[in-house]
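Novice: The structure that follows is given in the form of structure tokens.
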């Protein structure tokens, strides 16, 4: 009985994960018809959806966690450069999560709840594009 209750308690997290997978990745809109290609796309999107869901949950549970557990050095460097007030020391995961969420449209007002998966999805998508551009730019121009 306890085991079944624990499974049911996980239901909401599974629903949120599927929402990120369906709404964020838009797998249904891919237009892929070959099963092999669709399986590869879904597998890749599951990794992306898991990362977003996991970062959102970890930042809520352990806001003082080290940012390196979820972000690459390049991602942190780009977020530091994009910060409105770069003089503010961002030494924990929650600061970086807020910065990512703001890229996704999160306002971060005093009474706003913690960022959700939707703004995190949009923020990660923008961050990935910016990091890719910075990486290519540094190769072209040099460090």
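Numbering (my numbering), first residue to last: 881 to 1023.
Virtual Cβ for every residue (Gly too), placed ideally from N, Cα, C.
1) Cβ of residue 936 within 8 Å of Cβ of residue 996?
2) List the endpoints of the continuous alpha helix (DSSP H) containing residue 952.
3) So, at 7 Å on beta carbons, what are the nonlocal neighbours of residue 928 in its own chain, with the 5 sequence-adjacent residues on each side left out?
4) Hey, residue 912 and residue 901: beta-carbon distance below 8 Å or not?
5) I need the DSSP call for residue 946, collapsed to helix, strand or coil.
6) Distance, Cα to Cα, residue 881 vs residue 888?
7) I'd like to know whether the C-beta atoms of residue 958 and residue 981 end up nearer to each other than 8 Å.
8) Please check the pair residue 994 and residue 979, which I expect to be a contact at CB under 8 Å, by giving their CB distance rounded to whole angstroms.
Specialist: Judging by the given coordinates:
1) To locate residue 936, count along the chain shown from 1; it is residue 56. To locate residue 996, count along the chain shown from 1; it is residue 116. The answer is yes: Cβ separation under 8 Å.
2) For the purposes of this step, residue 952 is taken as the residue at position 72 of the chain shown. In the DSSP assignment, residue 952 falls outside any alpha helix (DSSP H), carrying neither H nor E.
3) Here residue 928 corresponds to residue number 48 of the chain shown, with the count starting at 1. Excluding residues within five positions, the ones whose Cβ falls inside 7 Å are 905.
4) The residue given as residue 912 occupies position 32 in the chain shown. The residue given as residue 901 occupies position 21 in the chain shown. It is not a contact, given that the beta carbons lie outside the stated cut-off.
5) Within the chain shown, residue 946 is the residue found at index 66, counting from 1. Residue state, collapsed to three classes: coil.
6) Taking the first residue of the chain shown as 1, we reach residue 881 at position 1. Taking the first residue of the chain shown as 1, we reach residue 888 at position 8. Taking the straight line joining both Cα atoms gives about 11 Å.
7) Here the question's residue 958 lines up with position 78 in the chain shown. Here the question's residue 981 lines up with position 101 in the chain shown. In this structure, residue 981 does not lie closer than 8 Å to residue 958 by Cβ.
8) Counted from its first residue, the chain shown places residue 994 at position 114. Counted from its first residue, the chain shown places residue 979 at position 99. That belief does not hold up - the Cβ atoms of residue 994 and residue 979 are roughly 14 Å apart, past 8 Å.
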